[in-house]
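Colleague: In this note's numbering, the protein residues as written are 56 to 475.
The structure follows.
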């Protein structure tokens with residue numbers, strides 16, 4: 056379902072005024088929710104920003120026991136990781152299972168990154184690789200700064216070139232697999248897929264098979280010749296919804312540029328704990344996000360984090376204490392929507408990282424309480440995606456209907472009044 060309307064005149068376009076509140080009966084069938092993972096630590100959630108800073112002390116690469124790569128596999132910043140250009144990450148897929156996977160990545164140190172230790176910065180830059188692996192590459196010379204070997208304690212400077220050249224055993228990570236894909240739109244340049252909940256976007260530690268990339272390589276073998284099989288952005292394993300993939304390198308690079316300059320717009324629907332009046336007072340959440348100081352698989356609002364902006368476009372009251380939101384990302388930080396909504400005291404239902412006790416509000420019936428406590432994933436769905444076609448220049452807008460599990464949750468919380 057695409058729309059060739061002018062994006063600049065579209066109410067969902069990034070610079071357009073925010074949408075209006077709506078009621079349950081006004082929610083289009085195609086609306087869905089997205090999930091972002093925000094750090095829901097009750098002790099940090101409402102502290103002043105200056106108390107939530109990340110440690111800047113000298114520290115080595117984190118032990119594997121402290122850093123679970125499986126938490127990061129498909130939860131990297133869209134803008135920082137996938138929106139690469141000719142100087143950024145490319146992966147050469149070699150052929151049979153067990154062959155070496157060549158990794159070639161290059162990053163230029165920015166002003167906000169300057170002063171960090173190279174080992175810490177490398178862990179933030181190359182989150183698809185384990186900290187132990189990165190440490191080995193620093194020692195072996197596969198990971199360099201300005202083409203020189205540096206010790207882990209080296210402090211990077213603005214303009215430093217961080218280069219990773221290495222080979223990995225594939226572990227079957229790029230093997231084609233006959234996985235059913237829900238194709239929403241396809242032509243010679245792009246594919247748009249409605250990812251189901253539970254599917255990891257790309258192979259990584261603990262998820263070497265059954266991923267979206269494995270399915271892409273089966274149905275579209277030529278994707279093996281593209282960096283990251285043509286991925287432009289990603290969503291988390293337990294978030295459902297729309298993803299765009301480039302079928303040519305030119306299309307992939309153009310879409311990544313659109314993502315960086317914000318001409319791509321992404322809307323999510325989510326069920327949250329919170330009443331409409333409270334949510335209406337916080338339509339734009341502008342709060343920087345960085346990795347949690349001690350719990351490294353979590354994100355948090357912190358004054359030392361990266362700029363992160365989330366817009367609440369529409370609020371659909373489900374009851375006096377729960378709402379269905381239409382949320383638009385302006386930036387694409389790790390777990391952004393989840394972190395931001397948790398930070399303002401309105402966590403997404405089912406979010407076992409950032410939701411916790413605040414998901415349960417007063418006045419719940421036993422059935423509603425059970426529905427919340429047993430909901431198996433964050434109630435977040437990427438329901439709308441808009442972009443400019445990389446070849447034709449046409450404005451494309453696509454939607455995916457709200458998944459049945461979220462529909463049933465909203466129905467229960469609204470005492471049966473919610474319909475789509």
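Virtual Cβ for every residue (Gly too), placed ideally from N, Cα, C.
What separation, rounded to the nearest whole angstrom, lies between the Cα atoms of residue 196 and residue 299?
Modeller: 35 Å
Colleague: Under the three-state reduction of DSSP, which class applies to residue 453: helix, strand or coil?
Modeller: strand
Colleague: Unbroken alpha helix (DSSP H) runs of length 4 or more, entirely within the segment 280-346: which are they?
Modeller: 304-315, 331-335
Colleague: Tell me, please, which residues DSSP counts as bridged to residue 367.
Modeller: 382
Colleague: Exposed or buried, which one is residue 213 when buried takes at least 16 other CB atoms within 10 Å?
Modeller: The residue is exposed, with fewer than 16 neighbouring Cβ atoms inside 10 Å.
Colleague: Are the beta-carbon atoms of residue 426 and residue 380 separated by less than 8 Å?
Modeller: Note that the C-beta distance between residue 426 and residue 380 is not below 8 Å.
Colleague: Rounded to a whole number of angstroms, what is the C-alpha to C-alpha distance between residue 444 and residue 317?
Modeller: 14 Å
Colleague: Going by C-alpha to C-alpha distance, which of 409, 184, 472, 419 sits closest to residue 373?
Modeller: 472
Colleague: Quick one: is residue 329 buried, meaning 16 or more other Cβ sit within 10 Å of its Cβ, or exposed?
Modeller: buried
Colleague: Reducing DSSP to helix, strand and coil, say where residue 159 ends up.
Modeller: Three-state DSSP puts residue 159 in a strand.
Colleague: Do the segment 405-423 and the segment 265-279 meet, that is, are 3 or more Cβ pairs less than 8 Å apart?
Modeller: no
Colleague: Report buried or exposed for residue 160, applying the criterion of at least 16 other Cβ atoms within 10 angstroms of its Cβ.
Modeller: buried
Colleague: So, are the CB atoms of residue 356 and residue 335 less than 8 Å apart?
Modeller: no
Colleague: Based on DSSP bridge pairs, tell me the residues matched to residue 372.
Modeller: 378
Colleague: With three or more beta-carbon pairs closer than 8 Å as the criterion, would you say the segment 444-456 touches the segment 240-248?
Modeller: yes
Colleague: Taking residue 269 as part of the alpha helix (DSSP H), name the residues at either end of that continuous run.
Modeller: 267-274
Colleague: Taking C-beta to C-beta, are residue 219 and residue 198 nearer than 8 Å?
Modeller: yes
Colleague: Sorted by chain position, which residues of the same chain lie with C-beta nearer than 7 Å to residue 201's C-beta, five sequence neighbours on each side aside?
Modeller: Non-local beta-carbon contacts of residue 201 in its own chain, meaning distances under 7 Å to residues more than five positions away in sequence, involve 215, 216 in chain order.
Colleague: Would you report the Cα separation of residue 469 and residue 422, rounded to the nearest angstrom?
Modeller: 12 Å
Colleague: Evaluate residue 305 with the Cβ neighbour count: other Cβ atoms within 10 Å of its Cβ, from every protein chain shown; 16 or more gives buried, anything less gives exposed.
Modeller: exposed
Colleague: Name the residue from 475, 398, 327, 384 whose alpha carbon lies nearest to the alpha carbon of residue 430.
Modeller: 327
Colleague: Could you tell me the boundaries of the beta strand (DSSP E) in which residue 436 lies?
Modeller: 435-443 is the span of the beta strand (DSSP E), which, as asked, contains residue 436.
Colleague: Determine, using beta carbons only, whether residue 400 and residue 391 come nearer to each other than 8 Å.
Modeller: At the C-beta level, residue 400 and residue 391 stay beyond 8 Å of one another.
Colleague: Alpha carbon to alpha carbon, what distance is there between residue 442 and residue 86?
Modeller: At residue 86, the pLDDT of 33 sits below 50, so the modelled position is not reliable; the number obtained from the coordinates is stated separately. For residue 86 and residue 442, the distance between alpha carbons rounds to 17 Å.
Colleague: In angstroms with no decimal places, state the Cα-to-Cα distance between residue 295 and residue 255.
Modeller: Straight-line Cα distance between these residues: approximately 10 Å.
Colleague: Given this structure, state the Cα-to-Cα distance separating residue 285 from residue 194, to the nearest angstrom.
Modeller: 31 Å
Colleague: On the premise that residue 434 lies in contact with residue 475, defined as a C-beta separation below 8 Å, what is that separation, rounded to the nearest angstrom?
Modeller: Rounded, the Cβ-Cβ distance is 14 Å, inconsistent with contact.
Colleague: For a test of the three-state rule: what should DSSP assign to residue 356, helix, strand or coil?
Modeller: For residue 356, the secondary structure class from DSSP, reduced to helix, strand or coil, is strand.
Colleague: Among 251, 307, 349, 280, which has the Cα closest to the Cα of residue 239?
Modeller: 251
Colleague: In whole angstroms, give me the CA-to-CA distance for residue 312 and residue 289.
Modeller: 15 Å
Colleague: So residue 321 and residue 383 are in contact, right, with Cβ under 8 Å, and what is the actual spacing, rounded?
Modeller: In this structure, residue 321 and residue 383 form a Cβ contact; the two beta carbons are roughly 7 Å apart against a cut-off of 8 Å.
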